[in-house]
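Asks: Residue numbers (my numbering), protein chains in the order written: chain A, 101 to 283; chain B, 101 to 283. Yeah, the Cβ is synthetic: ideal placement off N, Cα and C, and Gly gets one too. Just passing along the structure, written as structure tokens.
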DNA sequence: TCGAACATGTAAAAGGTTACATGATTAC
DNA sequence: GTAATCATGTAACCTTTTACATGTTCGA
């Protein structure tokens, strides 16, 4: 599921500008996909070339003009069809886990700072999801994704808070143990 | 943390071939980063150009020859330094969550199949991590990452098993509810 | 009036996947 | 003998990020 398809999906929920869609990526989509303007605007342009969305410029002479995009009927059909053919996969890329994997090469202070950094991130993501959890008008599917996000961030925070201190303690005692015994 | 840096890290743990490193990405690294041969071999070539690794061909005339890579002293230093400067971030790209977000556009059968698909994936990842959990010789950092993986997959499975059936039931009753009320 | 948010877009570069091409060795 | 695993590499392509460029509107 690339950015183009998710932009199309966003417009199936409600019409809006590229800027609006960016905000969606920073809120409702944030715990499963990110995207920058540099991928959103070209995606919208291509969707329009393919006839899956259209836009009309909003009245009022602002600059640049607000381009409100709207999905077309072929677009709506194409989205539903594409969706059904996408395998349910997941992939994580976690620099945090990479860092901790090689923690024996960091100073204790650095490691501690990294753990604090990721804890703050987890905390703010969790707070956001809890805040939107009971908004009215959510479909069961959307509610399900929010609940999953909450469950995952809670598990990550619980793990970090219970295991973090002992990781740091062991790290302080034995700064550079030669690791081995990999699968 | 790109593939190049992770390959360098892998060689800091133990020397090996590109093929060996691929297996590491499929096992010990699998729950936080994936990589294909098409990124690993060029990464090793570039690390060697930069003097961070060297290789020697293993005796015995097989084809193609086994190139055993080994980190150099500058490589070891460069890795430790790079590591300290990487922010502890995480990003998920979950087609599964994207799919469920738009579940109202899928048939109940399709949705059910997708949930079964991801459950099998979670299950096998969890089993793998539990199996390697108590291997001897792991550094505290490596152990920490495995524990986190276990905690996360358990939370995901628990969420899926407790909320999946009710999602499917509500989906069956109201096939295409108009969702709204997004943040 | 000043900074944050709104608003659109492009070009270059980075990063990675997929598919192809080739062939040996090992375990059953 | 035959299938799986071991083993290396390239090239074309795809996706996405980063950095730049520009200007407006709104609220404090």
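Is it the case that the Cβ atoms of residue 132 of chain B and residue 115 of chain A are separated by a distance below 8 Å?
Replies: Not in contact: residue 132 of chain B and residue 115 of chain A (Cβ atoms no closer than 8 Å).
Asks: Of the choices B:268, B:191, B:112, whose alpha-carbon is the least far from that of residue 183 of chain B?
Replies: It is B:112.
Asks: Do the CB positions of residue 208 of chain B and residue 268 of chain B come within less than 8 Å of each other?
Replies: Contact: yes.
Asks: Any chance the stretch 167-179 of chain B sits against the stretch 151-171 of chain A, with 3 or more Cβ pairs inside 8 Å?
Replies: Cβ pair count under 8 Å is below three, so no.
Asks: List the whole-angstrom C-beta distance separating residue 166 of chain A from residue 117 of chain A, where the pair is believed to meet the contact cut-off of C-beta under 8 Å.
Replies: Their Cβ separation, rounded to whole angstroms, is 6 Å, which keeps residue 166 of chain A and residue 117 of chain A in contact under 8 Å.
Asks: So residue 233 of chain A is in the beta strand (DSSP E); what residue range does that whole segment cover?
Replies: Taken as a continuous stretch (DSSP letters only), residue 233 of chain A belongs to no beta strand (DSSP E), as it is neither H nor E.
Asks: With residue 198 of chain B and residue 101 of chain A assumed to form a contact (beta carbons below 8 Å), what rounded beta-carbon distance in angstroms separates them?
Replies: About 5 Å; that satisfies the 8 Å criterion.
Asks: Taking 8 Å as the CB-CB cut-off, is residue 135 of chain B touching chain A?
Replies: Not closer than 8 Å to any Cβ of chain A, the Cβ of residue 135 of chain B fails to qualify, so no.
Asks: Grab the span of the alpha helix (DSSP H) containing residue 243 of chain B for me, first residue to last.
Replies: Taken as a continuous stretch (DSSP letters only), the alpha helix (DSSP H) holding residue 243 of chain B covers 240-273.
Asks: Sort out for me which residues DSSP pairs residue 169 of chain A with in a bridge.
Replies: Partner(s): A:116, A:155.
Asks: For residue 120 of chain B, decide whether its Cβ has a neighbour in chain A, counting only Cβ atoms nearer than 8 Å.
Replies: No, its Cβ sits nowhere closer than 8 Å to a Cβ of chain A.
Asks: Label residue 272 of chain B either buried or exposed according to how many other C-beta atoms from any shown protein chain fall within 10 Å of its C-beta, with 16 as the threshold for buried.
Replies: So residue 272 of chain B ends up on the exposed side.
Asks: Residue 141 of chain A to residue 186 of chain B, Cα distance in whole Å?
Replies: Taking the straight line joining both Cα atoms gives about 29 Å.
Asks: Interface residues of chain B around residue 109 of chain A at Cβ under 9 Å?
Replies: Here the neighbours are 198, 201, 202, 205.
Asks: Which residues does DSSP list as the beta-bridge partners of residue 191 of chain A?
Replies: DSSP lists B:193 as partners of residue 191 of chain A.
Asks: Answer yes or no: does any C-beta atom of chain B fall closer than 8 Å to that of residue 189 of chain A?
Replies: Residue 189 of chain A counts as touching chain B.
Asks: Excluding the 5 residues preceding and the 5 following residue 164 of chain B in the sequence, name in chain order all residues of the same chain whose CB lies nearer than 8 Å to its CB.
Replies: Answer for residue 164 of chain B: no residue qualifies.
Asks: Would you say residue 191 of chain B and residue 127 of chain A are within 8 Å of each other, going by their C-beta atoms?
Replies: No, the Cβ-Cβ distance between residue 191 of chain B and residue 127 of chain A is not below 8 Å.
Asks: For a contact defined as C-beta to C-beta under 7 Å, what are the partners of residue 217 of chain A on chain B?
Replies: Those are 187, 188, listed as they occur along chain B.
Asks: Tell me whether the beta-carbon of residue 241 of chain B lies closer than 8 Å to the beta-carbon of residue 243 of chain A.
Replies: Against a cut-off of 8 Å, the Cβ pair of residue 243 of chain A and residue 241 of chain B comes out as no contact.
Asks: Give the interface partners of residue 140 of chain A over in chain B, defined as CB-CB distance under 7 Å, in chain order.
Replies: Result: empty, since nearest Cβ-Cβ is about 15 Å, beyond 7 Å.
Asks: Three-state secondary structure (DSSP) at residue 218 of chain A?
Replies: Helix at residue 218 of chain A.
Asks: How far does the alpha helix (DSSP H) with residue 140 of chain B in it reach, from first residue to last?
Replies: Counting along the chain, the alpha helix (DSSP H) containing residue 140 of chain B begins and ends at 137-149.
Asks: For residue 130 of chain A, which residues in the same chain have their Cβ closer than 6 Å to its Cβ, ignoring the five residues on either side in sequence?
Replies: Hits under 6 Å: none found.
Asks: From the beta carbon of residue 168 of chain B, is the nearest beta carbon of chain A less than 8 Å away?
Replies: Not one chain A Cβ lies under 8 Å of residue 168 of chain B.
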